[in-house]
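Right, one structure below, let's go through it.
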Amino acid sequence: MLSRLGVVIRDNRGHLVKGLMGFERASFSPRIIEAFAVREALLWLKSWHLDHVIIMLDCMSVVHALTRPIVDDSEFGCLIFDCNWC
């Protein structure tokens, strides 16, 4: 089974700047894939030295975890921790 992720970067006018797509040969929960996509997007943006960004997500558990971080040693918690330090 494949897990897929996609990231789209748009400028302040909504025009496409760049896109990223990836596949993993494993089955992960949607929140793990979404957290992984956020982390990859943040690392990507950091490499471009962009720091004023808006991230749009469709997975509320990731939104809540990013806005209300708690100690969580699970795989999901570690991904969220990484996102907060990107």
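Take the sequence shown: its position 25, counting from 1, is numbered 25 in the UniProt record's numbering, and each next residue is one higher. Just so it is clear, CB atoms sit at the ideal spot from N, CA and C, and this is done for glycine as well. Keep in mind the model is a prediction, meaning the values are calculated, not measured.
DSSP bridge partner residues for residue i (one or two, in chain order)
i, result
"S27", "Bridge partners of S27: none, in fact."
"residue 91", "Here the chain has residues from 1 to 86 only, and residue 91 is not among them."
"R68", "R68 is not bridged to any residue."
"S74", "Answer is none; S74 lacks a bridge partner."
"S3", "E24"
Assigned exposure category for residue i - 16 Cβ within 10 Å defines buried
i, result
"V38", "buried"
"A41", "buried"
"L2", "exposed"
"N26", "Here residue 26 is Ala; the residue named in the question, Asn, does not match the sequence. Looking at its Cβ environment, which holds fewer than 16 other Cβ atoms inside 10 Å, A26 is exposed."
"F23", "exposed"
"L50", "exposed"
"L43", "exposed"
Nearest-angstrom beta carbon gap, residue j and residue i [assumed within contact, 8 Å]
i, j, result
"V7", "L20", "4 Å"
(message) Would the region 23-33 count as touching the region 51-66 if we require 3 or more Cβ pairs under 8 Å?
(response) yes
(request) Kindly confirm or deny that the region 72-81 and the region 45-55 touch, where touching means at least three C-beta pairs closer than 8 Å. (result) no
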